[in-house]
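Peer 1: Mind having a look at this structure? Questions to follow.
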Amino acid sequence: MNHTLRPCFHLAAALLAATTLTQAASAGSPPEDRPPAPSVLAGDLATATWKAGPGGLLVLPDFNASDLPLADLDIRPAPGPQLVFSDMPEYFRTGDGIAMQEDVEAGDVRLYVYHVPTPDGGPKVITTVLENLGDAPLRISFQRYVFPTPDGYYLRIGKQGLIGFFEGGEVPEDRIVPPGGRIPVDPVMDQTIVSYSDLVHGFYEFSIDQPARLTVLQRDPEADSAAAVDTLPLLPRRLPDTRPSGAGRGLFPISNYEVEPAPGAAPLDTADGPRRILVADGRIDPWITGRDQITGLEDGENRGNYGVIYRIRIPLTSSDGRSWAVLMHNLYPHNQFCRAQASAVQVSAGKFPAGVVPIPAGQVFFREVGENVLLQIVTPSSDGEPAELELLYSPPGASCLPTPILLFPLEPGRS
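First residue of the sequence shown? That's 66 in this note's numbering, and the numbers climb one at a time after it.
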């Protein structure tokens, strides 16, 4: 199945539900008489759940997930790399230029690039240039490297970015940059010619041993990236006479979060009913802020917390002999702009081995009313010892946020 989405399905559009609820409602609202959420997955629902594999689709009643109680969780910053985010302006609507430029310290860097070239601008290259600001040669060593082939299928690209980042995989060889020298961070991206409406998305983690400057730019294919840093204009956050685009840009001090039960909170017990885990919603979990070196803004938002990794640890128990079904839920199947969702998470072992779960498996996205995606089934020990569920989650590009994770008590069944 090959659905090519229109260019309006971009990273900023993913914030529709979180930031413009009136507009979202006008684009298609759920019925007022929605059924309540099930208190437990039993009967046919339990049978279907036990038969499903990781990433499998489960059709539940069209309930309002916001009615489910939130798990009492503590969301706190954790040590991590410097996060450099480039998504503003998301579209190079006025032509070539520099969309993001940030100086970073020696150490670990996570880089998230998400841009679309100029409409009707012909062939272009969108790339990131690293300049050695130190007095000694700089070594760049990659730990994570993901660059999906650019095209107009944004949901697929956002999903591939997360799968590749969580799985790891092959990375480029180390390179050395002399003092004052410049190189493209990703030579493949630097050699990839794109046109509107191709999405250029790179998700990287690397270490450097000298301070450096990172510049994200669009240029003509025949231009030299290193030289273009000196000649291209620095673009404002909002281009003149254009509508806003993008979720933010800059250098952000927070790149990782630990999510655990709040102090004094007991492990989740199946006897107490379902629970909801919610992060990256801009309210319960506020948007991170950082520096925009081009404009001098010190508190620019990353409206989506894109590039942030959440390590979620939840102790689970069962005093009634049930298991836990862990599901990814879509809040917006009734909304024409937001109904499709595609992503991936890394999950600890349970009924299925630990690993990366594509959301969903076997197809790029899910969007129908009632569809949820199974991530894991956890059966706590009968002796009362909690079983720990651990998830690595990062907000997916091109899907509307937030994307809640639901935990349902699950009646025993057969797979």
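The C-beta atom is built at its ideal place from N, Cα and C for all residues, glycine as well.
Assess contact between the region 345 to 357 and the region 399 to 412, defined as three or more Cβ pairs (one per stretch) separated by less than 8 Å. Is contact present?
Peer 2: At 8 Å Cβ cutoff, the stretches do not touch.
Peer 1: Classify Lys116: buried if its beta carbon has 16 or more other beta carbons within 10 angstroms, exposed otherwise.
Peer 2: Along the sequence shown, one-based indexing puts residue 116 at 51. Lys116 is exposed by the Cβ-count criterion.
Peer 1: Just list the residues that DSSP pairs Gly420 with in beta bridges.
Peer 2: In the sequence shown, the residue the question calls residue 420 occupies position 355. Answer by DSSP bridge pairing, in chain order: Val412.
Peer 1: According to DSSP, is Tyr458 part of a helix, a strand, or is it coil?
Peer 2: Numbered from its first residue, the sequence shown carries residue 458 at position 393. Tyr458: strand per DSSP, three-state reduction.
Peer 1: Considering only DSSP beta bridges, list what Arg204 is partnered with.
Peer 2: By 1-based counting over the sequence shown, the position of residue 204 is 139. Looking at the DSSP assignment, Arg204 forms a beta bridge with Ile241.
Peer 1: Within 10 angstroms of its Cβ, does Gly234 collect 16 or more other Cβ (buried), or is it exposed?
Peer 2: Taking the sequence shown and counting its residues from 1, the one referred to as residue 234 is at position 169. Under this definition Gly234 is an exposed residue.
Peer 1: What distance in whole Å lies between the Cβ atoms of Arg247 and Ala291, which are believed to be in contact at a cut-off of 8 Å?
Peer 2: On the sequence shown, position 226 is the one that residue 291 refers to. On the sequence shown, position 182 is the one that residue 247 refers to. Right, their Cβ atoms sit about 4 Å apart.
Peer 1: Give me the DSSP bridge partner(s) of Asn437.
Peer 2: Within the sequence shown, residue 437 is the residue found at index 372, counting from 1. In DSSP, Asn437 forms a bridge with Leu123 and His394.
Peer 1: The beta strand (DSSP E) spanning Gln283 covers which residue range?
Peer 2: Reading the sequence shown from its first residue, position 218 is the one you call residue 283. From DSSP, the beta strand (DSSP E) with Gln283 extends over Ala277 to Arg284.
Peer 1: Need the endpoints of the alpha helix (DSSP H) that Gln166 sits in, please.
Peer 2: Along the sequence shown, read from residue 1 onward, the residue named residue 166 stands at position 101. No alpha helix (DSSP H) holds Gln166; the beta strand (DSSP E) holding it covers Gly162 to Val169.
Peer 1: Spatial neighbours of Tyr177 within its chain, please: C-beta separation below 6 Å, excluding the five flanking residues on both sides.
Peer 2: For the purposes of this step, residue 177 is identified with residue 112 of the sequence shown, where counting begins at 1. Once the five neighbours on either side are set aside, the close Cβ partners of Tyr177 are Phe150, Phe268, Tyr371 and Gly372.
Peer 1: From Glu325 to Asp334, what does the alpha carbon distance come to, in whole angstroms?
Peer 2: Against the sequence shown, residue 325 aligns to sequence position 260. Against the sequence shown, residue 334 aligns to sequence position 269. So the two alpha carbons sit approximately 15 Å from each other.
Peer 1: What do you reckon, are the CB atoms on Ala111 and Leu300 nearer than 8 Å?
Peer 2: Position 46 of the sequence shown, counting from 1, holds the residue named residue 111. Position 235 of the sequence shown, counting from 1, holds the residue named residue 300. No, these two residues do not count as a Cβ contact at 8 Å.
Peer 1: DSSP three-state label for Trp352, please.
Peer 2: Residue numbering aside, residue 352 sits at position 287 when the sequence shown is read from its first letter. Coil, per DSSP.
Peer 1: Going by beta carbon distance, what residues of the same chain come within less than 7 Å of Pro182, once the five residues before and after it are set aside?
Peer 2: Within the sequence shown, residue 182 is the residue found at index 117, counting from 1. The answer, listed in chain order, is Phe157, Lys189, Ile191, Val259, Ser260, Tyr261, Asp263 and Gln283.
Peer 1: Do you know offhand how far Ser104's Cα is from Gly338's?
Peer 2: For this step, residue 104 is matched to residue 39 along the sequence shown. For this step, residue 338 is matched to residue 273 along the sequence shown. Computed Cα separation, rounded: 6 Å.
Peer 1: Here's a check: name, in chain order, each residue in its chain whose Cβ is nearer than 8 Å to the Cβ of Ala143, leaving out the five neighbours to either side.
Peer 2: The residue given as residue 143 occupies position 78 in the sequence shown. These residues qualify, in order along the chain: Asn321, Tyr322, Glu323 and Arg376.
Peer 1: Please look up how many angstroms separate the CB atoms of Leu392 and Leu439, rounded, as I've assumed it's under 8 Å.
Peer 2: The residue given as residue 392 occupies position 327 in the sequence shown. The residue given as residue 439 occupies position 374 in the sequence shown. Their Cβ separation, rounded to whole angstroms, is 6 Å, which keeps Leu392 and Leu439 in contact under 8 Å.
Peer 1: Counting pairs of Cβ atoms below 8 Å between the region 437 to 453 and the region 415 to 429, do you hit three or more?
Peer 2: Yes, the region 437 to 453 touches the region 415 to 429.
Peer 1: Can you tell me whether Arg141 is buried or exposed, with buried defined as 16 or more other CB within 10 angstroms of its CB?
Peer 2: Taking the first residue of the sequence shown as 1, we reach residue 141 at position 76. Exposed: under 16 other Cβ atoms inside 10 Å.
Peer 1: Compute the distance between the beta-carbons of Arg387 and Pro318, then report whether it is under 8 Å.
Peer 2: Within the sequence shown, residue 387 is the residue found at index 322, counting from 1. Within the sequence shown, residue 318 is the residue found at index 253, counting from 1. Not in contact: Arg387 and Pro318 (Cβ atoms no closer than 8 Å).
Peer 1: Got a sec? Which residues, its chain only, sit under 7 Å from Glu366 by beta carbon, not counting five neighbours each side?
Peer 2: Taking the first residue of the sequence shown as position 1, residue 366 is located at position 301. Excluding positions up to five away in sequence, the list reads Gly313, Trp352 and Thr354.
Peer 1: Which residue's Cα is closest to the Cα of Phe207: Pro469, Lys224 and Asp251?
Peer 2: On the sequence shown, residue 207 is found 142 positions in, with the first residue counted as 1. Minimum Cα distance to Phe207 is reached at Asp251.
Peer 1: For Ala463, count neighbouring Cβ atoms within 10 angstroms of its own Cβ and tell me buried if that reaches 16, exposed if not.
Peer 2: Position 398 of the sequence shown, counted from the start, is the residue given in the question as residue 463. So Ala463 ends up on the buried side.
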